Amino acid sequence: MIIAVASTKGGTGKTTAALQVALYLLVQKKAKVCLVDADVQGSSNLAIQSREKNLVSPKLRTEVITDGGEILTRVPKLNEKYEYVVIDVGGRETDALRASMAICDTLSFRAVRLGSTCSLSRLISAMSFRRLVKRLAR
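Read in order, the letters of the sequence shown are residues 615 to 752 in this note's numbering.
Here is the structure:
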């Protein structure tokens, strides 16, 4: 199963959510999991490197794939090898976001950070994301 955690807005907790989902599946469900960092910022990969440097277990397999075309070809192949592939997508509309949305089985859209109020910019971001989803569905 391919799970994408996405948004067209930065700072909504996508990386935290993607990491927590991947670790939950790995630890609690004892599943084979690969985390794909599809954000050019590389936050998921940095977090995993930090875990490994500090000898935090268990180890989580991570791939960095930021190109939309590569996501379309490599992620399905990873999905053959792993029970779950969790994609952490960057906070902007990119080919990586569109590709992740096109191939995922489950999409988690982060519009606002938990506990925060919804500002006009976040509302506009959510609306633009909705338009993007409609465009992909055509």
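Heads up, the beta-carbon is just placed ideally off N, CA and C, and yes, glycines get one too. Predicted model, so just to flag it, every value in this text is computed and none were measured.
Could you give the first and the last residue of the continuous beta strand (DSSP E) run that contains residue i?
i	result
Ile617	616-621
Leu721	720-723
Leu649	647-652
Gly767	Not covered by the structure: residue 767. The range shown for the chain is 615 to 752.
I need the boundaries of the alpha helix (DSSP H) containing residue i, first residue and last residue.
i	result
Ile685	682-695
Thr676	Note, Thr676: premise wrong, no alpha helix (DSSP H); beta strand (DSSP E) at 675-678.
Val635	628-641
Gln663	657-667
Ser714	709-717
List the whole-angstrom C-beta distance separating residue i from residue j, where the pair is believed to meet the contact cut-off of C-beta under 8 Å.
i	j	result
Ile617	Tyr696	Going by Cβ atoms, the distance from Ile617 to Tyr696 rounds to 11 Å, so no, they are not a contact pair.
Gly682	Asp709	3 Å
Is residue i near residue j, with beta carbons less than 7 Å apart?
i	j	result
Val689	Ile717	yes
Leu649	Ser658	yes
Asp719	Val619	no
Thr680	Val654	yes
Leu637	Ala645	no
Thr622	Glu677	no
Given residue i, which residues of its chain have a CB within under 8 Å of its CB, disregarding the five upstream and five downstream residues?
i	result
Ala661	Thr629, Leu633
Leu686	Ala713, Ala716, Ile717
Val635	Ile617, Val619, Val700, Ser722
If you drop the 5 nearest sequence neighbours on each side, which residues of the same chain put their C-beta closer than 6 Å to that of residue i?
i	result
Arg675	Cys648
Could you tell me if residue i is buried or exposed, where buried requires 16 or more neighbouring beta carbons within 10 angstroms of its beta carbon?
i	result
Val670	exposed
Gly625	exposed
Can you list, in chain order, the residues of its chain whose CB lies under 7 Å from that of residue i, leaving out five sequence neighbours each side?
i	result
Asn693	Ile616, Val699
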